[in-house]
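If you want my numbering, it's the 1-based position in the sequence shown plus 579.
Glycine included, C-beta positions come from ideal geometry on N, C-alpha and C.
Inspection log for the structure reproduced underneath, given as structure tokens.
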Amino acid sequence: VGIDLGNAYSRVGVWINDDVEIIVNKWGNRTTPSYVAFTDTGILIGELAKNQIYRNPYNTVFDIYRLIGRNYNDSNIQLNLKHWPFRVIEKNEKPYVCIKYKGEEKDFAPEEILSMILVEMKETAETFLSTQVKNIVITVPSCFNHSQRQAVKVAGLIAGLNVIRIIVGSTAASIAYGLNKITTREKCIVLIIDLGGGTCNVSLLDIRNEIYEVMAVSGNNHLGGKDFDNRLVNHFVQEFKSKFKKDLSSNERALCHLREHCERAKCILSTSTHAFIEIAYLFEDIDFYTSLTRTKFEELNQDLFQPIMKLIEKVFQDSEINKNHVGEVVLVGGSTRIPKIQRMISEFFNYKELNKSINLDEAAVYGATVQAAILSGKFSGKLRDFLLLDATALSLGIETLGGTFMPFVKRNTIIPAKKSEIISTNFDDQPNILIRVYEGERTQTRDNNFLGKFELSGIHPAPKDVPQIEVAFTIDANGILIVSAVDKSTDRSSEITIEGRLSKEEIEHMGL
């Protein structure tokens, strides 16, 4: 089973009869809104949760990918607080969603919320298959760091699932493209641009002889359709204020109504140059009737469109590939339907025709399901020679003297991988070494993401720089990391496996 767990919508597929089947949910839809609502009677997920947000805005949770695996003080979370009707509080430096459930105030970790969506997708698959589902492959944004990927695995555990592989959404989409569209066995360099509801992911792959090698990935966890919607909401809040001298910015019910109509208008503007917004009794019994042109939509979001091009440029810089060597530029994700974005991408590639032949909304879940079939051994000739060589999204390394970052595994390294280096002591007769592990691209560790620390003790007395300590980074196909240190003179060793930020006890307590 493959699950495309999106910030806005989620999808689930199964490998059956030597092909992918995208499963419809209980409402007959192939997509399920990534919403969870808490009421006086129970928990609602998907369509039911999204449809009642006007009545229950403070207890309806969405945008969960913008919360998970982050610290509360993360700038992205602080930026989003003003857009969320639900309350986010700090507990042990982590964000927790604070809601009212069955008459009581309760706090939920983001992993718990995500696990509820996973349970819904799991049950959708089980209903279709008439059997229990345990092993799954899940998509994540390309720029998800180690903490965020581990948090997704933890959400799977809470939901009673075994996440056998985590795969980047745009990389998964390349599988859908390759299996369905590439007929030649010759080398083909493919660029996948996946712009969804909350994230933008770019993958550059070398595809040949059914081997998919990820050359570079880039992404932005805070760039997608929801951000375009927020620009429209802010615009119309100001228009309403100018017309009626009333401020609806603090009325969550009105904002939820307005946001839904803005999302609808955005979609209309992908095929039409005008969209009309008509909302009865929006605020204080005032009807709001207005319109939006495609030109105005583009103007309001121009500064958000530009970073998409920066992400595309980044994969060419990292891979040292010339953009003119790209055989296909493939668009994935609902937000790539926006004409302005298509024009900008086409112009970047000297007006190259963009490939829109695969299902924009379902390519990622298709690829995740194929990967699940391969890892489970449930496949036949169609996939027999298939191999995906994935890559790290961020560099991994340790802190050295002065807070300097020493990378061991560079970003875009093909995984699984193992890299080792010899380090030594900084002082005479130093008895132990504290190894602090980070990920990121900045030269100072304070600007990177701290993953964990461990100590190697019992080093024999010796002048500084004499002891030979071998530090090794081992990263598996899921991006899960083990860091070890061995004193070469004594074989004394120590290691750390970088786990999620919830303890086993917390995970067991949250088990659904």
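Where residue i falls, given that 16 or more other Cβ within 10 Å makes a residue buried
| i | result |
| --- | --- |
| Glu-669 | exposed |
| Tyr-930 | exposed |
| Lys-732 | buried |
| Ala-587 | buried |
| Gly-621 | exposed |
| Asp-1070 | exposed |
| Gln-657 | exposed |
| Lys-822 | exposed |
| Thr-852 | exposed |
| Glu-932 | exposed |
| Thr-1022 | exposed |
| Lys-629 | buried |
| Gln-950 | buried |
| Leu-827 | buried |
Cβ-based neighbour list, residue i, same chain, cut-off 6 Å, excluding 5 preceding and 5 following
| i | result |
| --- | --- |
| Phe-687 | Val-676 |
| Pro-664 | Pro-636, Tyr-637, Glu-831 |
| Leu-883 | Asp-806 |
| Ile-847 | Ala-854 |
| His-801 | Asn-655 |
| Lys-877 | In the sequence on display, residue 877 carries Glu and not Lys. These residues qualify, in order along the chain: Lys-919. |
Same chain only: Cβ atoms within 7 Å of residue i, ignoring 5 sequence neighbours per side
| i | result |
| --- | --- |
| Gly-521 | No answer is possible for residue 521: it lies beyond the span of the chain, which begins at 580 and ends at 1091. |
| Val-593 | Val-580, Glu-600, Ile-602, Ala-704, Phe-707, Leu-708, Thr-948 |
| Arg-838 | Asp-808, Val-812 |
| Ile-953 | Leu-962, Phe-965 |
| Thr-992 | Ala-970, Thr-971 |
| Asp-597 | Ser-959, Lys-961 |
| Glu-978 | Phe-984, Arg-1015, Tyr-1017, Thr-1024 |
| His-904 | Ile-768 |
| Ser-849 | Arg-916, Ile-917, Pro-918 |
| Leu-890 | Cys-779, Val-781, Ser-797, Gly-798, Asn-799 |
| Glu-1000 | Phe-987, Val-1050 |
Nearest residue (CA-CA) to residue i, options the options
| i | options | result |
| --- | --- | --- |
| Glu-941 | Ser-1072, Val-591, Arg-787, Ile-678 | Val-591 |
| Lys-701 | Leu-693, Thr-1022, Ile-692, Val-712 | Val-712 |
| Ser-1036 | Glu-1020, Asp-1066, Gly-585 | Asp-1066 |
| Thr-1053 | Val-1016, Ile-865, Lys-679 | Val-1016 |
| Ile-887 | Leu-774, Glu-690, Asn-655 | Leu-774 |
| Gln-729 | Gly-1058, Ser-1072, Ser-1068 | Gly-1058 |
| Ser-829 | Glu-842, Ser-849, Ala-795, Phe-862 | Phe-862 |
| His-552 | Gly-981, Gly-976, Ser-1072 | Within the shown structure, residues of the chain are numbered from 580 to 1091, placing residue 552 beyond reach of any answer. |
| Gly-739 | Glu-690, Gly-776, Asn-780, Asn-671 | Glu-690 |
Alpha carbon of residue i to alpha carbon of residue j, nearest angstrom
| i | j | result |
| --- | --- | --- |
| Ala-1051 | Lys-997 | 7 Å |
| Val-911 | Val-944 | 11 Å |
| Lys-935 | Glu-907 | 10 Å |
| Ala-854 | Lys-820 | 20 Å |
| Leu-783 | Val-769 | 6 Å |
| Ser-959 | Tyr-633 | 48 Å |
| Glu-892 | Ile-647 | 27 Å |
| Asp-1026 | Ala-1056 | 26 Å |
| Lys-845 | Ser-925 | 21 Å |
| Gly-757 | Ile-1002 | 43 Å |
| Gly-803 | Tyr-860 | 29 Å |
| Ile-1077 | Arg-649 | 15 Å |
| Gly-798 | Arg-645 | 13 Å |
| Thr-618 | Lys-681 | 6 Å |
| Arg-810 | Leu-1030 | 34 Å |
| Thr-1004 | Leu-834 | 58 Å |
| Asn-659 | Thr-778 | 14 Å |
| Lys-661 | Ser-974 | 32 Å |
| Asp-583 | Ser-589 | 5 Å |
| Ile-745 | Ile-678 | 30 Å |
| Glu-842 | Arg-916 | 13 Å |
| Tyr-791 | Leu-968 | 6 Å |
| Glu-818 | Arg-922 | 29 Å |
| Phe-723 | Ile-771 | 17 Å |
Residues near residue i in its chain [Cβ-Cβ closer than 8 Å; skip 5 each side]
| i | result |
| --- | --- |
| Glu-1074 | Phe-1033, Ile-1061, Val-1062, Ser-1063, Ala-1064 |
| Asn-938 | Ala-755, Tyr-945 |
| Ile-920 | Leu-774, Phe-884, Ile-887, Ser-914 |
| Gly-735 | Ser-694, Leu-697, Ile-715, Ile-717, Asn-741, Val-742 |
| Leu-980 | Asn-1005 |
Three-pair Cβ contact test at 8 Å for the segment 748 to 761 versus the segment 706 to 726:
yes
At a cut of 8 Å, does the segment 1002 to 1012 reach the segment 1035 to 1046 through at least three beta carbon pairs?
By the Cβ rule, the segment 1002 to 1012 counts as touching the segment 1035 to 1046, because three or more pairs are nearer than 8 Å.
So does the segment 894 to 904 actually touch the segment 865 to 877, counting three or more Cβ pairs closer than 8 Å?
Short answer: they don't touch.
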